[in-house]
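Undergrad: Residue 23 in this note's numbering sits at position 23 of the sequence shown, with consecutive numbering throughout.
Ideal placement from N, C-alpha and C gives every residue a C-beta, glycine not left out.
Just so it is clear, the structure is predicted and the values come from calculations on it, not from any experiment.
Here it is, the structure in full.
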Amino acid sequence: MSRCDVLSGRDIVFRRTVPVFRIFDVAKAHEFYVDYLGCTVDWEHRFEPGMPLYTQVSRGDLVLHLSEHHGDATPGSTVYTELSGVRALHAELAAKDYPYLRPGLEQDEIGTCLTLTDPFGNRLRFNEPGPGEAGPGPCD
Numbered sequence: 001m002s003r004c005d006v007l008s009g010r011d012i013v014f015r016r017t018v019p020v021f022r023i024f025d026v027a028k029a030h031e032f033y034v035d036y037l038g039c040t041v042d043w044e045h046r047f048e049p050g051m052p053l054y055t056q057v058s059r060g061d062l063v064l065h066l067s068e069h070h071g072d073a074t075p076g077s078t079v080y081t082e083l084s085g086v087r088a089l090h091a092e093l094a095a096k097d098y099p100y101l102r103p104g105l106e107q108d109e110i111g112t113c114l115t116l117t118d119p120f121g122n123r124l125r126f127n128e129p130g131p132g133e134a135g136p137g138p139c140d
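Shown next, in the form of structure tokens:
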């Protein structure tokens, strides 16, 4: 392999992106991400008992890291996720007894969007692109 091949980026393969959200209360995080959104806790890490939690939750291909560590993320961040079945997700969430959030659906030229805000001000923007559409839209 020549130096030009290495510099061209042919050997660089991005496998996946996992956003990190800042959390302040593990029980509230589990109530939102596990009980409400339907994620599974994949693993949890603490350097020792009583130290801040760093954990991974997932639902299908949606994977998120949640951190109590003050330097890991900024509260109030937003993650944009494309999916199919946004109306089914909306119906599923509307049927749950979660008194802190009653999100609606927004539709525009980009697609149909469901925006959720977790207890820490982080936003998850789920967008189902319309026919022939792809990419982030303005649904905020």
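Count the other CB atoms, across all protein chains shown, that sit within 10 Å of the CB of D118; report buried if there are 16 or more and exposed otherwise.
TA: Here residue 118 refers to the residue found at position 118 of the sequence shown. With 16 or more neighbouring CB atoms inside 10 Å of its own CB, D118 falls in the buried class.
Undergrad: Would you kindly report the start and end of the unbroken beta strand (DSSP E) that includes T45?
TA: Residue mapping note: residue 45 aligns to position 45 of the sequence shown, counting from 1. According to the sequence as given, residue 45 is His; it is not Thr. Taken as a continuous stretch (DSSP letters only), the beta strand (DSSP E) holding H45 covers T40 to H45.
Undergrad: Between which two residues does the beta strand (DSSP E) carrying V26 extend?
TA: Against the sequence shown, residue 26 aligns to sequence position 26. That residue, V26, is in no beta strand (DSSP E); its alpha helix (DSSP H) goes V26 to H30.
Undergrad: Which residues bound the alpha helix (DSSP H) around V79?
TA: As a first step, residue 79 must be located in the sequence shown, where it is residue number 79. Note, V79: premise wrong, no alpha helix (DSSP H); beta strand (DSSP E) at T78 to E82.
Undergrad: Per DSSP, which one or two residues make a beta bridge with H70?
TA: Within the sequence shown, residue 70 is the residue found at index 70, counting from 1. H70 is not bridged to any residue.
Undergrad: What first and last residue would you give for the alpha helix (DSSP H) that runs through R87?
TA: Working through the sequence shown from its first residue, we reach residue 87 at position 87. First-last of the alpha helix (DSSP H) with R87: V86 to A94.
Undergrad: Is DSSP giving Y36 helix, strand or coil here?
TA: The sequence position of residue 36 within the sequence shown is 36, counting from 1. Looking at Y36 - three-state DSSP - the assignment turns out to be helix.
Undergrad: According to the Cβ coordinates, are L66 and I23 closer than 8 angstroms?
TA: Here residue 66 refers to the residue found at position 66 of the sequence shown. Here residue 23 refers to the residue found at position 23 of the sequence shown. Taking 8 angstroms as the Cβ cut-off, L66 and I23 qualify as a contacting pair.
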